[in-house]
Every structure is written in C-alpha cells, then in structure tokens.
C-alpha cells in the first residue's frame, strides 16, 4: 500500500472532551502532509430532551448568539493551530444532521480527503437514541477517516 498524501483535511469539532485531541491530531496530519485544514462544527436544530428528539423554535437572536459563540470558539481553536505551526486553517459552521454533513456533504463541497473525528460527543442515552456520529462517519464517509480515541469512551 502506498503512502497517502492528504491535501484537504477536515476536523469535526463538537465541543466535547475530544476537541483538543482531535484538533491536535488534525494539525499534526496537516503539517505532515502540507495540507489545508478545515475546522467544522455542526449545530443541530433538534435537541435531546428527556431522551427524545424535539424540535424547538429558536429565535433569530438566539441563533445569532449561538453562531457568534461558536465562531469565537472556532477562532480560538484556529489560533491554537497557528501556534502549533499550521497557518492554512479555515473555520466553518453548518446547520443540520452531523452524520450527513461530516460524512458526505462537507467533504464533497470542500474536496476533503481526510476526516478527523473523536470517539466522544453524545452521552450514552443520546448515542443509543441517535446512534454514534463517529460510527456513521467511519462507515459512510466519502474519504479516509482518522478516529481519535480519548479517555472518555463511554
């Protein structure tokens, strides 16, 4: 098997304890491959309430505040990547189903050839109801997937 040279890497950032390990692995891979790095966060419209998926109407002010807070968090992570030596970094916020966006939509739109994703994110109950995003991405991605293991693997 010949060595793969990645050009466009996407790191799926979910705000969990896996965020920093995922960022670190993605930055290292991007530096080794002289690749561009996309930092991607998906915001879901529906959320888990008492174990059930609910659609809550969110005002435009709440949406704006959410996007602003998420953008600030991603900018902080972008600065961490710069401090690690990677300057070719972009940030992205998408709305929708994380499974579909991470595995197919975003890599197709941005020509990513590697997805870096963590093993944690959802709580055990949420994972049972919704299924693991990581498992779905690993099985259905349009490109290679690097799964970063963390200490918190429920």
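Numbering (the UniProt record's numbering), first residue to last: 1 to 154.
No residue lacks a Cβ here, since even glycine has one placed at the ideal position from N, Cα and C.
Given the structure is predicted, the values throughout are model-derived calculations rather than measurements.
Please give the ranges of any alpha helix (DSSP H) in the UniProt domain "UspA" (6–149), keeping only runs that are unbroken, at least 4 residues long and fully inside the region. 19–33, 60–83, 106–110, 124–130, 133–140
What is the rounded straight-line gap between the Cα of residue 146 and the Cα of residue 115? For this step, residue 146 is matched to residue 146 along the chain shown. For this step, residue 115 is matched to residue 115 along the chain shown. Taking the straight line from one Cα to the other gives about 6 Å.
Pairwise C-alpha distance: residue 89 and residue 81: Sequence index remark: in the chain shown, residue 81 carries index 81 (1-based). Sequence index remark: in the chain shown, residue 89 carries index 89 (1-based). Each residue's Cα considered, the two are about 8 Å apart.
Pop quiz: residue 133 and residue 99 are said to be a contact at Cβ under 8 Å. What is the actual Cβ separation, rounded to whole angstroms? Within the chain shown, the letter at position 133 stands for residue 133. Within the chain shown, the letter at position 99 stands for residue 99. So it is a contact: roughly 5 Å between Cβ atoms.
Skipping 5 residues on each side, what residues in its chain have a beta carbon closer than 7 Å to that of residue 21? Taking the chain shown and counting its residues from 1, one reaches residue 21 at position 21. Result list for residue 21: 118, 148, 150, in chain order.
Determine the burial state of residue 106: buried for a count of at least 16 other Cβ atoms within 10 Å of its Cβ, exposed for fewer. Residue 106 sits at position 106 when you count from the first residue of the chain shown. So residue 106 counts as buried.
Residue 76 classed as buried or exposed, judged by whether at least 16 other C-beta atoms fall within 10 angstroms: Taking the chain shown and counting its residues from 1, the one referred to as residue 76 is at position 76. By the neighbour-count rule (16 or more Cβ atoms within 10 Å), residue 76 is not buried but exposed.
CB residue 42 to CB residue 96, shorter than 8 Å? If you number the chain shown from 1, residue 42 lands on position 42. If you number the chain shown from 1, residue 96 lands on position 96. Taking 8 Å as the Cβ cut-off, residue 42 and residue 96 qualify as a contacting pair.
Residue 14 versus 29, 70, 138, 110, residue with shortest Cα-Cα distance: As a working mapping, residue 14 is identified with position 14 in the chain shown. Among 29, 70, 138, 110, the Cα nearest to that of residue 14 is on 70.
Look at residue 92 and residue 40 and say whether their C-beta atoms are less than 8 Å apart. Numbered from its first residue, the chain shown carries residue 92 at position 92. Numbered from its first residue, the chain shown carries residue 40 at position 40. Against a cut-off of 8 Å, the Cβ pair of residue 40 and residue 92 comes out as a contact.
How about residue 111 and residue 33: do their beta carbons lie closer than 8 Å? Numbered from 1 along the chain shown, position 111 holds the residue referred to as residue 111. Numbered from 1 along the chain shown, position 33 holds the residue referred to as residue 33. No. Outside cutoff.
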